[in-house]
Structures are given as structure tokens and as C-alpha cells.
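Taken in order, the sequence shown gives residues 819 to 1249; the numbers are from my numbering.
No residue lacks a Cβ here, since even glycine has one placed at the ideal position from N, Cα and C.
Taking it in order: structure first as C-alpha cells, then the write-up.
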Amino acid sequence: MLIMGSVVSMGVFLVVLLDYFGESTGKTATIQSLQSFMMLFPGPVVSSLNNKFGTRPMVVIGGICSSAGLLLCSFANSINALLVTYGVIVGLASGMSYGPSIVIIGHYFHKRHAVANGIVFAGTGTGIMVLPPLCQVLIDTYGWRGAIIVIAGINLNIVVCGMLMRAPRQCVREREDGTRTKDNINTNVECIDDDNAAADDDDDINKERLLEAGDVVGTNNIQIDHYRDSYMLSQSTNEQTDDVQSIHNAKSPLKKIGVILALHLFTNSWFRILLFSVLFWSTGHLLFLFHLVNRAVSDDIPILDATFVMTILGICSILGRVLHGWFVDLGYFSPMFLSSCAFCVCGASALLVLVANGNYWVYALMAILYGTSCGIGVALHGSVSMKVCVGTEHLSSAFGWYLFSASFGNALGPFLGGMIFFFTNVVCRLY
């Protein structure tokens, strides 16, 4: 809620910063582009650090640094200063908190991962719903500098959330071919601590007991039937394990870097498809959110009403994120298919801006359709689809590459939108 809500709230500050500094829309929008890029671009490195040090220290350090960066933003005297303080410092710090806090969900929940992930992602919808109007009230009351100071204080709650995150215990599971893997799980089924994992690997495992607990350590039977063909489609899990082991045994520094960054994941065709698709989705998504308020204001809608459109979008996003999980967990359709359908609805709803003509209710309808479909698509396309494709063991590294791919779209989206508006002076063409 705090991380992504503050990202979307920058659209409210855009209107104020344009008047205050007198810079072009394209250059001002670069602040948001750079922040989004720096938040997601180091994803593979953040995932490696998360695998080594754990979620708690990453989130806590990220929360402290992002709040410090926001505080520095209040002293900025130019757009260039905001590019450094908000774009670089806040961006990097937010990335340290965002990725690990999403990945840990997949380590705790297996049977109802889509439901749990949807509930957690509802925090993003809450941030979209609450923070933009709050920022507008703070700007009207304290000015944009005072508003950023207040947001910096609210942002420190990320540190509190990070302190409550702990790594789940691990469960040793025996595969059909006799090899053993470790699943992160928060149950008492053959659970072990990390320190004793190597010693317990040699103990006998009651295979029948694990099968009876299949709904806990794996997925339900319906999901297994539907996802078995798509899970590791390009090659089997055993083949990937052998490839990783061979890289571990190599002495080449380049191959060791490949292990750290999990480059073997690119042999999975589903993994490559998800990276390719999120690049295009993120380009249009952030552009839509970032310029929506400015577009409504330019269409003669009062600024407070324009920010309330984001509130409507946030409410519908929450409903979409929370309610879709139970249907996904039935296993009738894969998360990849459902997220693709949701993204198609997002694109179609954005075209409503062409017929809005200053009608507030058209903007409200667009927010309802886009918010609901976006809530479904974003929640499924990331960690849920990645877990289906690569499994829990490589989820952290895979999600890091997912954020890396999304960073380029987030960097291009607002900037391209601002440049299009600068040269054409027609906001409709952005959509």
C-alpha cells in the first residue's frame, strides 16, 4: 500500500510541480519514470540479496532509505534535484522493500496462493484509493514540500511491517525419482530449520504422510491436473536441477555469476513469455495512472473530483484483487490465461477517454473497468504465474527478473506520454 500508493500519488504532485518549476511535461514526468525504473531495474540483484540475507533486513533498510529520500525531496529547488532524491534514492530504496515483500507470500502459501496474493495486493489498491486524495489535501494545507514531509513520516511504517516479516521454516520433500527438495512452508509437516537442513536430508521421509498433506506442501489435485503441463514446460525440473548443479561445480567466475543471478531460468519458455509481456503491460499501465489526473483536469474537471477518479479506481482494484483468488484456485484456467484476458479489458477501457468530452461519469466508468481488470491482472501475472512456471525454489530470482523487465516499461511509459503531449498538446493521444 505504502510503496505503490506513493508511486501513483506522484501524479497528484505532477500538476503542482508543473506550475511551480515551469518545466515541460516530459521532463517533469521523467521524475516518475526514473523512480519506477530504479525501483524495478535492480530486481535480480535485490533477489540475490534477499536469498542471502532474508526478507526482514531488506524491507527494513528499504523503508528507512525511502523515507530519508522523501525527506530530502522537500528541500529540492529544481526538477534535477528531484530526479536524484525521488528518482534515484527513493526508487532504489522502494525496490529493496517491494520485491522481497511480494516473494515471501509464495513461500508461506501454496494451496491458496492466489487468494493470499490477491489480499496482499489489495494493499496496492488501498494505496491508490487513499493516498492521492490525501496528498491533495496535504498539498492544499501545507504546500507540496510539507505534503512530502508528511508522506515521508507515513512511509516509515514500512519499517514496522518489515520487522514483522520472518522467513518460513523449510520442509524436505521427496520427489518420485528419489531426489529431495526443500519447500518453504509454515506448517509442522516435516519442517526443519535452515541450520539443520543438511543433517536432516539424510533422514528417512514418510512419503505417504507427505502425499496426505499434499494440499499443504504442494497444490491441490485440481491445480496439479491443470498446471502440470505448463509447469516447467520447456524442460523438466530434474533437468534444470542438473543444469544448476553443473554450474555450481564450474570454476568459471562467469558461471558463478550465472548461478547468483539464476540465468538458467531463461531456458524456460513460459518464463521468457512472462518477461516479454510485462514489458508492454508496464509501459501502458503506468502511463495511464500517471497522466489520468492531469487528463481529467485538462478536460475541465475540478482537481479534487479528478483525484477522486483514482479513488474509484483503487476501490475497484481492491475488489478485483480480493475476489479473483477463489476462482483461480479452482484450477479451471491458468493464471496466465486469466491475466491476459484482464489486460485486454484494461486496454479496451482506456479507449473510453476518447469519448469522455469532460463527462465525469465516463471517467468513473473507465476507472471501474480499468481498476477491476487491473486488480486481477497485476495480482496474477507476477508472483502467481511465476510460481506456476518455475516453482517456489526459484520464485525469488524469477520475480527479480520480472521486475527487471517491468522497469523498462515503467521508465518509458510516463516519459513517452509526456513527450507525446509536449509535441501534440493532445492528451487523448496518450491513451
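For Ser1054, I'd like the list of residues in its chain whose CB is within less than 7 angstroms of its CB, leaving aside the five on either flank, ordered along the chain.
Residue placement at Ser1054 cannot be trusted, given a pLDDT of 36 that sits under 50; what the coordinates show is reported in the next sentence. The answer is none, since no qualifying residue turns up.
For Phe1089, collect the residues of the same chain with a Cβ closer than 7 angstroms to its Cβ; drop the 5 residues on either side in sequence, then sort them by chain order.
Around Phe1089: Leu1083, Cys1207, Val1208 and Ala1216.
May I have the straight-line CA-CA distance separating Phe859 from His1103, to the nearest angstrom?
So the alpha carbons of these two residues sit roughly 17 angstroms apart.
Under the three-state reduction of DSSP, which class applies to Phe927: helix, strand or coil?
In the structure shown, Phe927 falls within a coil segment according to DSSP collapsed to helix, strand and coil.
How far does the alpha helix (DSSP H) with Leu1198 in it extend, from its first residue to its last?
Careful: Leu1198 lies outside any alpha helix (DSSP H) and carries neither H nor E.
Since Val864 and Gly1218 are thought to touch, with beta carbons under 8 angstroms apart, how far apart are those beta carbons, to the nearest angstrom?
6 angstroms between Cβ atoms; contact.
Alpha-carbon spacing of Phe1226 relative to Gly971, whole angstroms:
As the crow flies, the alpha-carbon of Phe1226 is around 29 angstroms from that of Gly971.
Can you grab the Cα-Cα spacing for the pair Thr843 / Ser892, in whole Å?
Their backbone Cα atoms lie some 20 angstroms apart in a straight line.
Looking at the unbroken alpha helix (DSSP H) that takes in Thr843, where does it start and where does it end?
For Thr843, the uninterrupted alpha helix (DSSP H) segment begins and ends at Thr843 to Leu858.
Bounding residues of the alpha helix (DSSP H) (the contiguous stretch that carries Ser884):
First-last of the alpha helix (DSSP H) with Ser884: Thr873 to Cys891.
Apart from the five residues on each side of it in sequence, which residues of its chain come closer than 6 angstroms, Cβ to Cβ, to Ser1064?
Low confidence applies here, because Ser1064 scores a pLDDT of 48, under 50, leaving its location unreliable; read the following figure in that light. Answer for Ser1064: no residue qualifies.
Of the choices Thr846, Met822, Leu1187 and Ser851, whose alpha-carbon is the least far from that of Phe1161?
Closest in C-alpha terms to Phe1161, from the list Thr846, Met822, Leu1187 and Ser851, comes Leu1187.
Alpha carbon to alpha carbon, how far is Cys1192 from Met822?
Distance between the alpha carbons of Cys1192 and Met822 is about 14 angstroms.
Which stretch, first to last residue, makes up the alpha helix (DSSP H) that contains Asp1123?
That run of the alpha helix (DSSP H) goes Ile1121 to Asp1147.
What do you reckon, are the CB atoms on Gly1143 and Ile920 nearer than 9 angstroms?
Remark: C-beta atoms of Gly1143 and Ile920 do not approach each other more closely than 9 angstroms.
Judging by CA-CA distance, which residue of Leu1183, Tyr916 and Arg963 is the nearest neighbour of Phe1126?
When each option's Cα is compared against that of Phe1126, the closest is Leu1183.
Measure the C-alpha to C-alpha separation of His1253 and Leu1234 and round it to an integer number of angstroms.
Outside the displayed range of the chain (819 to 1249) lies residue 1253, so it cannot be described from this structure.
Within its chain, find whatever has a CB closer than 6 angstroms to the CB of Thr942; leave out the 5 residues flanking it on each side and keep chain order.
Beyond the five residues adjoining it in sequence on each side, Thr942 comes within less than 6 angstroms, by CB distance, of Met822 in the same chain, given in chain order.
Determine the burial state of Tyr1220: buried for a count of at least 16 other Cβ atoms within 10 Å of its Cβ, exposed for fewer.
By the neighbour-count rule (16 or more Cβ atoms within 10 Å), Tyr1220 is buried.
Assign Asp1118 to one of three DSSP states: helix, strand, or coil.
Three-state result, Asp1118: coil.
DSSP three-state assignment for Val1062, whether helix, strand or coil
In this prediction, Val1062 scores a pLDDT of 48, lower than 50, which makes its location untrustworthy; the coordinate-derived value is nonetheless stated afterwards. Note: Val1062 maps to helix in three-state DSSP.
Go ahead and label Ala1166 buried or exposed: buried means 16 or more other beta carbons lie within 10 angstroms of its beta carbon, across all protein chains shown.
With fewer than 16 Cβ atoms within 10 Å of its Cβ, Ala1166 is classed as exposed.
Taking the alpha carbon of Ser827 as the reference point, which residue from Val1163, Val1173 and Val1111 has its own alpha carbon closest?
Of the candidates Val1163, Val1173 and Val1111, the one whose C-alpha sits nearest the C-alpha of Ser827 is Val1111.
Quick check on Asn1014: buried or exposed, where buried means 16 or more other Cβ atoms within 10 Å of its Cβ?
Because Asn1014 sits at a pLDDT of 43, beneath the cut-off of 50, its placement in the model cannot be relied upon, and the following sentence gives the value as read from the coordinates. Exposed, since its Cβ has fewer than 16 Cβ neighbours within 10 Å.
With DSSP as the reference, label Gly961 as helix, strand or coil.
In the displayed model, Gly961 falls within a helix according to three-state DSSP.
Phe1106: buried (16+ other C-beta within 10 angstroms of its C-beta) or exposed?
Label assigned to Phe1106: buried.
Assuming Gly1176 contacts Asp1123 under a Cβ cut-off of 8 angstroms, what Cβ separation, rounded to an integer in Å, is found between them?
Between Asp1123 and Gly1176 the Cβ distance is about 11 angstroms, and since that is not below 8 angstroms, they are no contact.
First through last residue of the alpha helix (DSSP H) which encompasses Val906
If you look at Val906, you'll find it isn't in any alpha helix (DSSP H); DSSP assigns it neither H nor E.
In the DSSP assignment, find the alpha helix (DSSP H) that holds Val1173 and state where it starts and stops.
For Val1173, there is no enclosing alpha helix (DSSP H), since its DSSP letter is neither H nor E.
Pick from Ile1238, Ser1087, Ile1130 and Ala1224 that is closest to Trp1179, judged by C-alpha positions
Taking only the C-alpha atoms, the option nearest Trp1179 is Ile1130.
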